[in-house]
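Residue numbering for the first sequence follows full-length UniProt numbering, starting at 1 and increasing by one per position.
From the three backbone atoms N, C-alpha and C, an ideal C-beta is built for every residue, glycine too.
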Amino acid sequence: MSWTEERIDKLTRMWEGGATASQIAEELGGVSRNAVIGKAHRLGLKARPSPVKSNDRHEEAAPAPVQAAPPPRPAPVEAPAPRAATPAPRPAPAAPVAPPPAPVAAAPAAPSGDAPAAPPAPRIVSVGPGGFLRQGPGEQQAPIPPAPPRRLVPAKPSADIADKTSLLDLNDRICRWPMGHPGEPDFHFCGEKVNPGFPYCVEHCGRAYQAQLPRGHRRPPPPLPFGNPRVR
DNA sequence: CCCTGATTCGC
DNA sequence: GCGAATCAGG
């Protein structure tokens, strides 16, 4: 797999949206999590809360906040800890961790007046199939107020099938040959009086039960009860 | 163990 | 430029 324009774009959006490297890799397909991370860094879009970050590992220990000449790293002399019994307290980490708190979509406030508030970047919580970005509860649209109470009326079947035989009308005395397709508004059953001993009327029994004719004398098969396979 | 991101380094 | 291997924290 190569990093095409679209794939890079998707990677960027998802990465900035907060999706994990694994999610991105899975979504893109054909690449590993490492590949995603490596590409993201190569693209320059890193800086995300990392479980391993905030620890000055092999990072040149953050020198003095000012520039000037960063003094060569002093030899990490292990304190000779005279006290044998007392565990020496670890020196406090030089650099306190991340500064800015997450600007959760707080109060948009400031209706108007001065500066048009910059649209706060939506905090994406997860990424769905196709790369669309799901948003967190904070960004969700306000719930739609419930409709005013109404008097409930019994559902009335549409006029089309009002006089048709519905599923509920079936019993062992009426023909249950289906007419139309299930799920369609006018789907119903034959409703004729049944051929005694059979679930269908005489006419539909003739369709349902056909004598096996010798080869070469068979009639073309009748249409299937539900019609031909439907095209979707 | 699983997950995560960061980094390294041979290709 | 790429990504597997590796590291390291949660």
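Cβ distance (whole Å) where residue i is taken to contact residue j below 8 Å
i: cysteine 175; j: tyrosine 200; result: 5 Å
i: valine 194; j: aspartate 172; result: 7 Å
i: cysteine 190; j: histidine 204; result: 6 Å
Between the CA atoms of residue j and residue i - distance to the nearest angstrom
i: glutamate 27; j: lysine 10; result: 9 Å
i: arginine 33; j: tryptophan 15; result: 12 Å
i: alanine 25; j: lysine 39; result: 11 Å
i: arginine 42; j: arginine 13; result: 15 Å
i: glycine 29; j: alanine 19; result: 15 Å
i: aspartate 186; j: isoleucine 37; result: 56 Å
i: proline 178; j: threonine 4; result: 53 Å
i: serine 2; j: serine 50; result: 26 Å
i: phenylalanine 198; j: aspartate 163; result: 23 Å
i: arginine 207; j: valine 31; result: 57 Å
Alpha helix (DSSP H) segment containing residue i, residue limits
i: tryptophan 15; result: 5-17
i: arginine 33; result: 33-43
i: alanine 21; result: 21-28
Buried or exposed by the 16-neighbour rule on C-beta atoms within 10 Å, applied to residue i
i: threonine 165; result: buried
i: glycine 183; result: exposed
i: alanine 21; result: buried
i: histidine 188; result: buried
i: arginine 7; result: buried
i: valine 202; result: exposed
i: glycine 44; result: exposed
i: glycine 17; result: buried
_At 4 residues or longer, what runs of the alpha helix (DSSP H) sit wholly inside the stretch 164-213?_
The stretch 164-213 is shown to contain whole alpha helix (DSSP H) runs of 4 or more residues at 202-208, in chain order.
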